[in-house]
Amino acid sequence: MTDNASKTPAANGQGQAMWGGRFSAKPAELMQAINVSIGFDKRLWAQDLAGSRAHARMLISQGVIASSDGEEILEGLARIEDELSTGTFPFRDEYEDIHMNIEARLRELIGPTAGRLHTARSRNDQVAVDFRLWVRDAADRSAAQLVELQKALLAQAETYADALMPGFTHLQPAQPVTFGHHLMAYVEMFGRDAGRFRDARARMNECPLGAAALAGSPFPIDRHQTAASLGFDRPTANSLDSVSSRDFALEALSAASITATHLSRLAEEIVLWTTPMFGFIKLTDAFTTGSSIMPQKKNPDAAELIRAKVGRILGSLTTLTVVMKGLPLAYSKDMQEDKVPTFEAFDALELSLLAMAGMIADLIPNTDKMAAAAGAGFSTATDLADWLVRELNMPFRDAHHVTGSAVKAAETKGVDLAELSLAEFQAIEPRITDGVYAVLTPAASAASRMSYGGTAPAQVRAQIARWKETLA
Ligand code: ARG
Numbered sequence: 003m004t005d006n007a008s009k010t011p012a013a014n015g016q017g018q019a020m021w022g023g024r025f026s027a028k029p030a031e032l033m034q035a036i037n038v039s040i041g042f043d044k045r046l047w048a049q050d051l052a053g054s055r056a057h058a059r060m061l062i063s064q065g066v067i068a069s070s071d072g073e074e075i076l077e078g079l080a081r082i083e084d085e086l087s088t089g090t091f092p093f094r095d096e097y098e099d100i101h102m103n104i105e106a107r108l109r110e111l112i113g114p115t116a117g118r119l120h121t122a123r124s125r126n127d128q129v130a131v132d133f134r135l136w137v138r139d140a141a142d143r144s145a146a147q148l149v150e151l152q153k154a155l156l157a158q159a160e161t162y163a164d165a166l167m168p169g170f171t172h173l174q175p176a177q178p179v180t181f182g183h184h185l186m187a188y189v190e191m192f193g194r195d196a197g198r199f200r201d202a203r204a205r206m207n208e209c210p211l212g213a214a215a216l217a218g219s220p221f222p223i224d225r226h227q228t229a230a231s232l233g234f235d236r237p238t239a240n241s242l243d244s245v246s247s248r249d250f251a252l253e254a255l256s257a258a259s260i261t262a263t264h265l266s267r268l269a270e271e272i273v274l275w276t277t278p279m280f281g282f283i284k285l286t287d288a289f290t291t292g293s294s295i296m297p298q299k300k301n302p303d304a305a306e307l308i309r310a311k312v313g314r315i316l317g318s319l320t321t322l323t324v325v326m327k328g329l330p331l332a333y334s335k336d337m338q339e340d341k342v343p344t345f346e347a348f349d350a351l352e353l354s355l356l357a358m359a360g361m362i363a364d365l366i367p368n369t370d371k372m373a374a375a376a377g378a379g380f381s382t383a384t385d386l387a388d389w390l391v392r393e394l395n396m397p398f399r400d401a402h403h404v405t406g407s408a409v410k411a412a413e414t415k416g417v418d419l420a421e422l423s424l425a426e427f428q429a430i431e432p433r434i435t436d437g438v439y440a441v442l443t444p445a446a447s448a449a450s451r452m453s454y455g456g457t458a459p460a461q462v463r464a465q466i467a468r469w470k471e472t473l474a
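Using this note's numbering, you'd call the opening residue of the sequence shown number 3 and step up by one each time.
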């Protein structure tokens, strides 16, 4: 390797400068086609540079390489960073992946000294640290975007803490709730989602660099130093595990899948609520599209796409799980297939989170229509039953029966519960007084649900205040 090291693959005629020593023929074109990963792992360039810098500095301070060589390497890496950030870096397929592309470029820029950077390192621990850094950033970004989404929901929830809407079970009107309460349900979900990303981060925050190919290194490296300089809590404790585990990515992808599932539920509600039949909310032109044939249409495409993205994201979790299943220790090239699904999942998640936050801020509720719907479908029937229990000391089962009769009477007459006369109520249960009407309005119903976490506006406001403090 050292003899060929300063030559380009074209010059040494062996097609691959990095491991050319053992090989005399170029790889078949198909071999290269299936092997090459630079097309996608170029996205790891910033992480690869960070890992290389940390490694080079450690090699210098441990006396594994001479400081003068180390400084040359660091200067070369700085020039490469320049090229990469300005888009002038020459990515080349023949160098297979981002690690060898950068190392080959370093050799072109500073000469054979470049070859010293790979002392006490392998692409196996190199890719493991690069990918971990990338996933860690992605998890941090997702958690931060979830917080922004929560803030958008909180702002609307605060404005509409009193706005009545029907609460549903089975998508049938169940009991009146407030729009603020409904939005706050998602604040809770997204709060747990952000927590899952934080938990995953804490577990993944160990540095595999220095595990080398699989067994560790005979050089006096300081893995604690590289771990600390890359912001890890500590080095990983088993070199085999270091280069062969990808459960940090699986965990991040499962957090992403759960988040995407929650997003799809909110997206579905936005799709429903914006139909003229519901008419609960409107989106502005910013988050709707028109139809090329039906001029009246305003389609909630962003919501629909968010609803769909979970397929891609959960698909990525499935992909990587199947890639990892049954792999013997330690590194196998199968693991190169970890990146595309992970990148794709987080691209989709990021876009979904940003678009959802935008849509939430954009939506305008039709509070009249929601309030009218809140009273429909005998939504205060439970309130009537509760009143019978409270005021007449009826067992709840009997009260449920009496209320059922009242609903039947109202339905036959084609009116709401509150529109039944006292005589009509008393025909069903003679002890009913006109005090009952106070609990039959949706507003009274909602306001009465003062139990902790209930829909009473006072309770909703308390939860909003708690979250505002948490997110501040
Ligand atoms: N491109 C490879 C990957 O993504 C880097 C590690 C290659 N290691 C090896 N021994 N061939 O996994």
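Even for Gly, the Cβ is constructed at its ideal location relative to N, Cα and C.
First and last residue of the uninterrupted beta strand (DSSP E) at residue i
{"i": "T414", "result": "Note, T414: premise wrong, no beta strand (DSSP E); alpha helix (DSSP H) at 398 to 415."}
{"i": "F170", "result": "166 to 171"}
Distance between residue j and residue i (C-alpha atoms, nearest Å)
{"i": "F91", "j": "A350", "result": "27 Å"}
{"i": "L337", "j": "A217", "result": "Strictly speaking, residue 337 in this sequence is Met, with Leu absent from that position. For M337 and A217, the distance between alpha carbons rounds to 18 Å."}
{"i": "L268", "j": "A446", "result": "27 Å"}
{"i": "G182", "j": "Y162", "result": "5 Å"}
{"i": "E73", "j": "D195", "result": "43 Å"}
{"i": "A7", "j": "G78", "result": "The pLDDT assigned to A7 is 40, lower than 50, so where the model puts this residue is not dependable; a value taken from the coordinates is nonetheless given after this. Straight-line Cα distance between these residues: approximately 16 Å."}
{"i": "H403", "j": "M167", "result": "26 Å"}
{"i": "G292", "j": "T323", "result": "39 Å"}
{"i": "S63", "j": "T238", "result": "21 Å"}
{"i": "D388", "j": "L424", "result": "18 Å"}
{"i": "T321", "j": "D249", "result": "13 Å"}
{"i": "N499", "j": "A187", "result": "The shown model of the chain, from 3 to 474, leaves out residue 499, and the question about it has no answer."}
{"i": "I362", "j": "F289", "result": "10 Å"}
{"i": "E85", "j": "V66", "result": "28 Å"}
{"i": "R451", "j": "H57", "result": "60 Å"}
{"i": "R200", "j": "V137", "result": "12 Å"}
{"i": "A229", "j": "R236", "result": "6 Å"}
{"i": "S231", "j": "S144", "result": "23 Å"}
{"i": "D364", "j": "T286", "result": "7 Å"}
{"i": "T4", "j": "G117", "result": "In this prediction, T4 scores a pLDDT of 39, lower than 50, which makes its location untrustworthy; no coordinate-derived value is stated."}
{"i": "T88", "j": "L274", "result": "45 Å"}
{"i": "R225", "j": "S39", "result": "27 Å"}
{"i": "Q177", "j": "R205", "result": "42 Å"}
{"i": "Q49", "j": "E271", "result": "39 Å"}
{"i": "Q128", "j": "K28", "result": "25 Å"}
{"i": "E110", "j": "A347", "result": "35 Å"}
{"i": "L252", "j": "I104", "result": "27 Å"}
{"i": "P444", "j": "Q174", "result": "16 Å"}
{"i": "R468", "j": "A383", "result": "32 Å"}
{"i": "G53", "j": "A154", "result": "37 Å"}
Cross-strand partners of residue i (DSSP beta bridge)
{"i": "R468", "result": "Bridge partners of R468: none, in fact."}
{"i": "R236", "result": "E208"}
{"i": "Q174", "result": "T171"}
{"i": "T180", "result": "L166"}
{"i": "N37", "result": "The partner list for N37 (beta bridge, DSSP) is empty, contrary to what the question assumes."}
{"i": "K284", "result": "I366"}
{"i": "T291", "result": "N301"}
Boundaries (first-last residue) of the alpha helix (DSSP H) holding residue i
{"i": "T369", "result": "369 to 377"}
{"i": "G41", "result": "40 to 43"}
{"i": "L119", "result": "No alpha helix (DSSP H) holds L119; DSSP gives it neither H nor E."}
{"i": "F250", "result": "249 to 275"}
{"i": "D388", "result": "383 to 394"}
{"i": "I430", "result": "424 to 430"}
{"i": "L296", "result": "Reading the sequence as shown, one finds Met at residue 296 and not Leu. Looking at the DSSP string, M296 is not in any alpha helix (DSSP H), and its letter there is neither H nor E."}
{"i": "I82", "result": "69 to 88"}
{"i": "Q49", "result": "47 to 63"}
{"i": "E96", "result": "Element bounds for E96: n/a, residue is neither H nor E."}
{"i": "S447", "result": "444 to 450"}
{"i": "T435", "result": "From DSSP, T435 is part of no alpha helix (DSSP H); its letter is neither H nor E."}
Cβ neighbour criterion (16 or more within 10 Å) applied to residue i
{"i": "N126", "result": "buried"}
{"i": "I75", "result": "buried"}
{"i": "I36", "result": "exposed"}
{"i": "Y333", "result": "buried"}
{"i": "T277", "result": "exposed"}
{"i": "A191", "result": "According to the sequence as given, residue 191 is Met; it is not Ala. The residue is buried, with at least 16 neighbouring Cβ atoms inside 10 Å."}
{"i": "K311", "result": "buried"}
{"i": "K341", "result": "buried"}
{"i": "T414", "result": "exposed"}
{"i": "P343", "result": "buried"}
{"i": "V131", "result": "buried"}
{"i": "A202", "result": "buried"}
Residue i beta carbon near the ligand ZN (any heavy atom closer than 7 Å)
{"i": "R125", "result": "No copy of the ligand ZN occurs in the structure displayed; its ligands are the ligand ARG alone."}
Contact with chain D by residue i, beta-carbon distance below 8 Å
{"i": "S450", "result": "Absent here is chain D; the protein component of the structure consists of one chain."}
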